[in-house]
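Peer 1:
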Amino acid sequence: MGYARDFSLRVTRMAELISPIAEKSPERLALADEFGNTKWGEFHERVNRLINALRKAGLKTGDTFAVLSGNRREYVEAFAAAAHGGWLLVPINWHLVAKEICYILENSQSKALFIDSRFDNLGKETISHPDAPHISTVIVFDNSQENLLAGRPDVLSYEEFLSAASLEEPDEQSLGGPMFYTSGTTGHPKGVKSALSQTGAPVETLKMIGDGLSGMLSIQPGGRTLLVGPIYHSAQWAFSFLPLLAGSSIIMRHKFDGAETLNLIDKYEITNIHLVPTQFTRMLRLDKKEKKSFAGKSLDIVWHGAAPCPPKIKRQMIDWWGPVICEYYGSTEGSIVSTVNSEEWLTRPGTLGKPTPIMEIVVVKDDGSKAENGESGQIYVRNLMGSDFEYHNDPEKTEKAHLEPGLFTFGDIGYLDSDGYLFMSDRKIDMIISGGVNIYPAEIEAVLIDHPSVIDAAVFGIPNEEFGEEVKAAIELNEEIEGDEKLMDEIIAYCRENLAGFKVPKSIDFEKNLPRHPTGKLLKRILRDKYWNEEDRKI
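Reading the sequence shown from the start, the letters are residues 1054 to 1592 in my numbering.
Here it is, written out as structure tokens:
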């Protein structure tokens, strides 16, 4: 089935994106991070140099490169270069271990890899790993005098890489974009190719999409975006990079700190920000003096999503920051599906809002018929502009996510009320959302079962006041083995050696027999319900 659109047009300039802003306001702030600031004129020149440098290194239209980095100005330059150079950029989650990163590099067929010097140890492990594919070009974003990658003949300094290239605006520009990898129930990450991941379209296409999204999300052109979540996440990218194309500045930090976030909002007169419920909780826990000193007068809109927000927390944020809090429902595969502002949410607590003007929501019952208002079923969505997605090199999973071409699901269960507002009654089967990060149990269960003491395993989410959910494991041991605290510590340590830290179970229950249906299906809800019975939100 042909889900992705094919573009063949080419344009020769990128004047519709960075150039007009740089020419009009070359001294205006474009980017700021812990290491310094970049003005629009400088940003334009550096993006030109990066495009020319990557072409000189052999990258052609349609090729892929990957970035292993925290939030920093160079990362945004790489996104801009990909957008104008006709390349796919694969953002890599820096919480992953080297083996997981090697899989993504191989699966995406990345020709170049950019590494943040803050992750030079992980970068060294990755490029030296026995599973590592050949990467012809490795470049380091370096703000330190020494790092573990320094002196390697196969590793280049980013600044040296740029300085050797021309600053002239490159010819024959064409659209490129990100290909985000999202974990799957098989345990292997899946590359998501959407309308923004198609190479070869006119560059102006991205500005059209960015302007449309910014308008739909009430993000004013020329504002200031605060980025305090990892830009390797599709939502953080969309809510920062796309407004940049409309002239907004991006103020970014590598890691979230509640008190610093409040200070940055006031210092830089931030107009828009994307947050997750965990960040709300941390800011609400700040000292009263810190909270009282926060003005927040510049904020036009605060978007949140990626995980369910406890109603109590959301009400407290609205009481504190005012009716600037807005929520969305969406995913890497389908972009933003529905939105709801503070006033609407207060009258319909728990709603995920109405579909955006370009999206349609269809709720389908188990028998395949369309659900009536108030009836639960699987949530399917359709982009009315005709765009769709596919999983990279995985037509079977692409097919499984679609009811028909253009009509697809994230696997969520919910209903529409009589006024067209969406409510979710369940989430993707078995998925854990911890601090806004999606965690799928299958990969964790596979590692647990590999332990010699374990014969069966179930992984699920249990309540965590700060992160929403935390990873819990229930395991069945070999008959001759008794479960105790020492064994639990041993198994958790084993997981830590084989999984990214955020996937490692925080605790383990030892069960005599795990509950299974006669068909063999693991009945996780039986294990999970005892932890959720007293919670406001049923997961």
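Backbone N, C-alpha and C define an ideal beta-carbon position, used for all residues, glycine too.
Quick caveat: nothing in here was measured; it's all calculated off a predicted structure.
Please report how far the alpha carbon of residue 1078 lies from the alpha carbon of residue 1308, in whole angstroms.
Peer 2: Counted from its first residue, the sequence shown places residue 1078 at position 25. Counted from its first residue, the sequence shown places residue 1308 at position 255. If you take the alpha carbons of residue 1078 and residue 1308, they lie about 29 Å apart.
Peer 1: Which residue or residues does DSSP assign as beta-bridge partners of residue 1512?
Peer 2: Residue numbering aside, residue 1512 sits at position 459 when the sequence shown is read from its first letter. BP columns for residue 1512 point to 1526.
Peer 1: When you compare the stretch 1320 to 1332 with the stretch 1504 to 1515, are there three or more beta-carbon pairs, one atom per stretch, that lie closer than 8 Å?
Peer 2: With the cut-off at 8 Å, the stretch 1320 to 1332 and the stretch 1504 to 1515 do not touch.
Peer 1: When DSSP labels each residue in this structure, what does residue 1251 get in the three-state scheme?
Peer 2: By one-based count along the sequence shown, residue 1251 stands at place 198. Coil at residue 1251, not helix or strand.
Peer 1: Pull up the distance between the alpha-carbon of residue 1532 and that of residue 1540, whole angstroms please.
Peer 2: Start at 1 with the first residue of the sequence shown, and residue 1532 comes out as number 479. Start at 1 with the first residue of the sequence shown, and residue 1540 comes out as number 487. Whole-angstrom Cα-Cα distance: 14 Å.
Peer 1: At which residues does the alpha helix (DSSP H) containing residue 1173 begin and terminate?
Peer 2: Along the sequence shown, read from residue 1 onward, the residue named residue 1173 stands at position 120. That run of the alpha helix (DSSP H) goes 1173 to 1181.
Peer 1: Do the stretch 1224 to 1238 and the stretch 1120 to 1138 touch if we need at least three Cβ pairs shorter than 8 Å?
Peer 2: The stretch 1224 to 1238 is in contact with the stretch 1120 to 1138.
Peer 1: What residue from 1283, 1147, 1247 and 1336 has the CA that sits closest to residue 1141's CA?
Peer 2: In the sequence shown, residue 1141 corresponds to position 88, counting from 1. Selected option, being the one with the closest Cα: 1247.
Peer 1: Where residue 1583 and residue 1393 are concerned, what is the direct C-alpha to C-alpha distance, given to the nearest angstrom?
Peer 2: Position 530 of the sequence shown, counted from the first residue, corresponds to residue 1583. Position 340 of the sequence shown, counted from the first residue, corresponds to residue 1393. Taking the straight line from one Cα to the other gives about 32 Å.
Peer 1: Three-state secondary structure (DSSP) at residue 1561?
Peer 2: Position 508 of the sequence shown holds residue 1561. DSSP places residue 1561 in strand when its eight states are reduced to three.
Peer 1: Keeping to the same chain, check which residues put their C-beta closer than 7 Å to that of residue 1555; ignore five residues upstream and five downstream.
Peer 2: Numbered from its first residue, the sequence shown carries residue 1555 at position 502. These residues qualify, in order along the chain: 1148, 1487, 1490 and 1492.
Peer 1: Which residue or residues does DSSP assign as beta-bridge partners of residue 1285?
Peer 2: Here residue 1285 is taken as the residue at index 232 of the sequence shown, counted from 1. DSSP, once it has assigned bridges, lists no residue as partnering residue 1285.
Peer 1: Nearest CA to the CA of residue 1516: which residue from 1445, 1585, 1410 and 1354?
Peer 2: Position 463 of the sequence shown holds residue 1516. Taking only the C-alpha atoms, the option nearest residue 1516 is 1585.
Peer 1: Looking at residue 1461: is its Cβ nearer than 8 Å to the Cβ of residue 1470?
Peer 2: Here residue 1461 is taken as the residue at index 408 of the sequence shown, counted from 1. Here residue 1470 is taken as the residue at index 417 of the sequence shown, counted from 1. In this structure, residue 1470 does not lie closer than 8 Å to residue 1461 by Cβ.
Peer 1: Consult DSSP for residue 1435 and reduce its assignment to one of helix, strand or coil.
Peer 2: The residue given as residue 1435 occupies position 382 in the sequence shown. Reduced to three states, the DSSP call for residue 1435 is strand.
Peer 1: For residue 1551, I'd like the list of residues in its chain whose CB is within less than 6 Å of its CB, leaving aside the five on either flank, ordered along the chain.
Peer 2: For the purposes of this step, residue 1551 is taken as the residue at position 498 of the sequence shown. Contacts found: 1500.
Peer 1: Rank 1420, 1434, 1415 and 1436 by C-alpha distance to the C-alpha of residue 1426 and give the top, closest one.
Peer 2: Here the question's residue 1426 lines up with position 373 in the sequence shown. Nearest of 1420, 1434, 1415 and 1436 to residue 1426, Cα basis: 1415.
Peer 1: Exposed or buried, residue 1400, counting other C-beta atoms within 10 Å across all chains shown (16 or more means buried)?
Peer 2: Counting from 1 along the sequence shown, the entry for residue 1400 is found at position 347. Residue 1400 is exposed by the Cβ-count criterion.
Peer 1: Across the stretch 1558 to 1568 and the stretch 1516 to 1531, are there enough close Cβ pairs to call them in contact, namely three or more that are closer than 8 Å?
Peer 2: At 8 Å Cβ cutoff, the stretches touch.
Peer 1: Using a Cβ-Cβ cut-off of 6 Å (strictly less than) and excluding sequence neighbours within five positions of residue 1364, which residues of its own chain qualify?
Peer 2: Position 311 of the sequence shown holds residue 1364. The residues are 1402.
Peer 1: Assuming the contact rule is C-beta atoms closer than 8 Å, residue 1122 and residue 1194 should be a hit. Round their C-beta distance to whole Å, please.
Peer 2: One-based indexing of the sequence shown puts residue 1122 at position 69. One-based indexing of the sequence shown puts residue 1194 at position 141. Right, their Cβ atoms sit about 6 Å apart.
Peer 1: How far does the alpha helix (DSSP H) with residue 1187 in it extend, from its first residue to its last?
Peer 2: The sequence position of residue 1187 within the sequence shown is 134, counting from 1. Careful: residue 1187 lies outside any alpha helix (DSSP H) and carries neither H nor E.
Peer 1: What are the boundary residues of the beta strand (DSSP E) that includes residue 1096?
Peer 2: If you number the sequence shown from 1, residue 1096 lands on position 43. It is not in any beta strand (DSSP E) - residue 1096 instead sits in the alpha helix (DSSP H) that spans 1093 to 1109.
Peer 1: Using 8 Å as the threshold, is the C-beta distance between residue 1288 and residue 1266 below it?
Peer 2: On the sequence shown, position 235 is the one that residue 1288 refers to. On the sequence shown, position 213 is the one that residue 1266 refers to. Their beta carbons are not under 8 Å apart, which means residue 1288 does not touch residue 1266 by this criterion.
Peer 1: Only counting the same chain, and skipping five residues up and downstream in sequence, which positions put a Cβ closer than 7 Å to that of residue 1218?
Peer 2: Against the sequence shown, residue 1218 aligns to sequence position 165. Result list for residue 1218: 1102, 1105, 1106 and 1109, in chain order.
Peer 1: With contact counted as at least three CB pairs below 8 Å, one residue from each stretch, are the stretch 1177 to 1188 and the stretch 1143 to 1162 in contact?
Peer 2: Counting Cβ pairs under 8 Å, three or more are found: they touch.
Peer 1: Taking residue 1302 as the reference, give the member of 1314, 1313, 1280 and 1285 with the closest Cα.
Peer 2: Here the question's residue 1302 lines up with position 249 in the sequence shown. For the residues 1314, 1313, 1280 and 1285, the minimum Cα distance to residue 1302 belongs to 1280.
Peer 1: Need the endpoints of the beta strand (DSSP E) that residue 1246 sits in, please.
Peer 2: Translated into positions along the sequence shown, residue 1246 becomes position 193. 1242 to 1246 is the extent of the beta strand (DSSP E) around residue 1246.
Peer 1: Verify whether the separation of the beta carbon atoms of residue 1407 and residue 1474 is less than 8 Å.
Peer 2: Residue 1407 sits at position 354 when you count from the first residue of the sequence shown. Residue 1474 sits at position 421 when you count from the first residue of the sequence shown. Taking 8 Å as the Cβ cut-off, residue 1407 and residue 1474 qualify as a contacting pair.
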